[in-house]
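Protein chains in written order, with the UniProt record's numbering: chain A, 1 to 344; chain B, 1 to 344.
See structure below.
Protein chains: 2
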Amino acid sequence: MKKKICTLKELALKLNLSISTVSRALNNHPDISNETKLKVVNLANKLNYTPNLFAQGFRKNKTNMIGVILPNVTHYFSATILKGILKQAEVKGYRVFITESNNNVKKQSEMLHTMMQFGVDGILMSISKKTKNIKDILDLLDKIPIVLFDKVSYKIPCTQIVVNEEEASFKAIEHLIHTGKKRIAIIKEDEFSFSSERRFEGYLRALKENAIDIDKNLIISCEDLSLEQGRRMTKLLLGLKNKPDAIFAITDTAAIGVIKTLKKFNIKIPEDIAVIGFSNSLHSTIIEPKLTTVDQPGEKIGKTAIEYLVKEIESSEAYVSSKTIEIKTTLIVRDSSLKTTSFI
Amino acid sequence: MKKKICTLKELALKLNLSISTVSRALNNHPDISNETKLKVVNLANKLNYTPNLFAQGFRKNKTNMIGVILPNVTHYFSATILKGILKQAEVKGYRVFITESNNNVKKQSEMLHTMMQFGVDGILMSISKKTKNIKDILDLLDKIPIVLFDKVSYKIPCTQIVVNEEEASFKAIEHLIHTGKKRIAIIKEDEFSFSSERRFEGYLRALKENAIDIDKNLIISCEDLSLEQGRRMTKLLLGLKNKPDAIFAITDTAAIGVIKTLKKFNIKIPEDIAVIGFSNSLHSTIIEPKLTTVDQPGEKIGKTAIEYLVKEIESSEAYVSSKTIEIKTTLIVRDSSLKTTSFI
DNA sequence: ATTTTCAATGCAAACGTTTGCGGGAATATT
DNA sequence: AATATTCCCGCAAACGTTTGCATTGAAAAT
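Written out as structure tokens, the structure reads:
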């Protein structure tokens, strides 16, 4: 049960002023004398006055709320992005309303609807896998600013914050090549995953630019990239007549599955087979050997996303930007890949 | 920039009805004929009408928002609790507004204030370490329902959702004793940590009930429970003349530091020294040997917290409950401790 | 035929805040 | 001394919704 709270009216009554004067005094309006302002502010502090933000939002048609939709809060990478979002939103004076879609497309639509209904000023989202029907999102685009991050789609014309997936992947593969590896396998997702495809492009380009032939046997797609899949796919690769000398798993979790399996078969890492992951999850330093991986600066992604979104919210024109912003990653070389060039 | 949205007035105009009738029709008020209701609902759907929740909240003095304050979103355990909170809040028809205190007491106070200002219906919080000045919180208690979870304090008279820390710890130690371990070390936090102290109590009770003498050398307190501390404390324990045959680290992270160090010194786990952690974090199955640990059902904690909070919010009386609810944990035996009794 | 009853709808106030406009008093300008 | 300017402040409308009460018209009861 809520207790009632001090309002403008109460202040006005006690000070023998009009409500409008009190309101203006608290908002530091130039029309009000310093003397009055002081009196008002003092009493307001004393009575612990807090403006009813609902009345405010209602009046100004602005809630100072930003809605965030992401597939899963428990993913470490998502959590770091969230951290960046929370921090920067606070700086900018916005509150954040977070929801999880659990990769459920229907739920994602519902969340969007709820957000609108709640009158958020803008939406930040990472779209669910296999979001095919983007009609809901397109419909919303001219009503409210939306910024996509991490899991994005070029089919949606709005600002998108992503990681330089292709380049990161390219560099990871080049690192392997520079250490003398020539038969580099990739464990990727099916073609519906945006980031997987871009990482795959980087893989292809690195091989091409280094004049290494592509062996289709070394390219493995699977539906999800769990640890278990990493295990299975590794066994598959080890069954090949012509084995790989390095495995690039598009995700840390899968990479750990790879490492565990290689260890089980007593294969030396990185001498026999090197392993690289993607994400720099916390696991990557727990596993032994420590995993070489691509660090994605989650906090920065979150921060950037908020910055662009707020810019759109506070812009007076109803423009729709559709820039793509790339956040730079860095390759972190650890024990699962060779450090220096190895001449055979 | 926001576009304007269909309102009650617009519906009323198009249907040649009054605003009140439209409002009642949408709220399924018995006074309105089915015929009219149908017409209204149809048009509302067609025009994609969504009630302005700000106006609603404003009018009804209820925001259907719950504020959540926790130290750190990126901790896996916090994230699982969050998941439970989000899920159950949705079921109950509440929205959740999440903030991070980063274990910063000053920030925690600010967040509380912001939440009040924003008019949340209730607050869910996990308090920062070393929160000494609980005056802010006490002040709020009679204005708004608060439920504490995970990091709690008995000094605050409100509902608290915790894990059966003492019992869990007791069972973990008994498990070690049943496998023949007699010199069981504990790595705990200093006495300001609520949960650490309760786990320590469980440790003491288990030893006592099994008639094992307490060796003060085996009880180690440190300020934080990082992996690095786990490492350091293990070295310290290994320096003892009379070494332990098991180490209970009060946190998975520290336990992993323990394991890494033991492996470095070629000590057999669990034969020479067994290791137990607490949390069942994702790391516990990544590390080799896999860690025996106590599983804390985060989602359930979150769910329960919401349930109790909502109950208080929706209760008409301004009662202040101060029950403590214990959520049951389970010990998960993995490879870092012996499975069966070993008779020497 | 008159009154009563009842169902269906409309009127208008209220929630707390912001803001355009207008007015009165004091000060400055001529 | 008259006018113009400036400085403070109050009035009242508006935002979208809910809700107590009034109103209407028709059916039912007398």
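Every residue, glycine too, gets a C-beta built ideally from N, C-alpha and C.
In the DSSP assignment, A:R183 falls outside any alpha helix (DSSP H) and carries neither an H nor an E. Assignment of A:D136 by DSSP, reduced to helix, strand and coil, places it in the helix class. Rounded to the nearest whole angstrom, the C-alpha separation of A:L141 and A:K92 is 22 Å. Within the DSSP secondary-structure output, B:Q229 pairs in no beta bridge.
Setting aside the 5 residues that flank it on each side, A:K182 is surrounded in the same chain by I212 and D245, each with a C-beta closer than 7 Å to its C-beta; the list follows chain order.
For A:R95, the nearest CB of chain B lies under 8 Å from its own CB, placing it at the interface with that chain. Taking a contact to require three or more Cβ pairs closer than 8 Å, the region 227 to 239 of chain A and the region 192 to 199 of chain A do not qualify as touching.
Between B:K188 and A:K37, the alpha-carbon positions lie close to 54 Å from each other. Interface annotation, A:F58: in contact with chain B, CB-CB separation under 8 Å. Residues of the same chain with a CB within less than 8 Å of the CB of B:D31, apart from the 5 flanking positions on each side, are R24 in chain order.
Spanning the alpha carbons of A:L11 and B:I5 requires a straight line of approximately 34 Å. Three or more Cβ pairs closer than 8 Å define a contact, and the region 110 to 122 of chain A falls short of that threshold against the region 295 to 305 of chain A. Around the C-beta of A:R59, fewer than 16 other C-beta atoms lie within 10 Å, and the residue is accordingly described as exposed. With 16 or more other CB atoms across the displayed protein chains lying within 10 angstroms of its CB, A:F77 is buried.
Short of 7 Å from the beta carbon of B:D136, and not among the five residues preceding or following it, lie these beta carbons of its own chain, in chain order: S109 and L112. Contact between the region 149 to 163 of chain A and the region 202 to 221 of chain A is absent: fewer than 3 CB-CB pairs across the two stretches fall below 8 Å.
Beta-bridge analysis with DSSP links A:S221 to A:K188. The region 53 to 69 of chain A makes no contact with the region 38 to 47 of chain B: fewer than 3 CB pairs, one atom from each, lie closer than 8 Å. Judged by DSSP in its simplified three-state form, A:S279 adopts strand. The Cβ atoms of B:T50 and A:M115 do not sit closer than 8 Å to each other. With respect to chain B, the C-beta atom of A:M116 has a partner C-beta closer than 8 Å.
Burial of B:P270 is indicated by the presence of at least 16 other C-beta atoms within 10 angstroms of its C-beta.
Across the set A:L291, A:E166 and A:G180, the C-alpha of A:E166 shows the shortest separation from the C-alpha of A:Y203. Counting C-beta atoms within 10 angstroms of its own C-beta, A:S169 has 16 or more neighbours from the protein chains shown and is therefore classed as buried. Near chain B, meaning a CB-to-CB distance below 7 Å, the residues of the region 62 to 93 of chain A are T63, V73, T74, Y76, A79, T80, L82, K83 and L86. Under DSSP, B:F149 shares a beta bridge with B:I161. A:F248 has A:I186 and A:I276 as its beta-bridge partners, per DSSP.
Look at A:T253 here: in three-state DSSP terms it is helix.
Interface criterion met: the Cβ of B:H283 is under 8 Å from a Cβ in chain A. Taking the C-beta atoms as reference points, B:S337 is found no nearer than 8 Å to B:I250. For A:L11, the secondary structure class from DSSP, reduced to helix, strand or coil, is helix. Chain-order list of chain A residues neighbouring B:G119: K2, I5, T50, N52, L53 and F54, by C-beta distance under 9 Å. Distances from the alpha-carbon of A:E174 to those of A:V294, A:S322, A:E312 and A:K132 put A:V294 closest. Here A:N52 is buried: its Cβ has 16 or more other Cβ atoms, across all protein chains shown, within 10 Å.
The C-beta distance from B:L309 to B:L86 rounds to 14 Å, too long to meet the 8 Å contact threshold. For A:E10, no Cβ of chain B is located within less than 8 Å of the residue's own Cβ.
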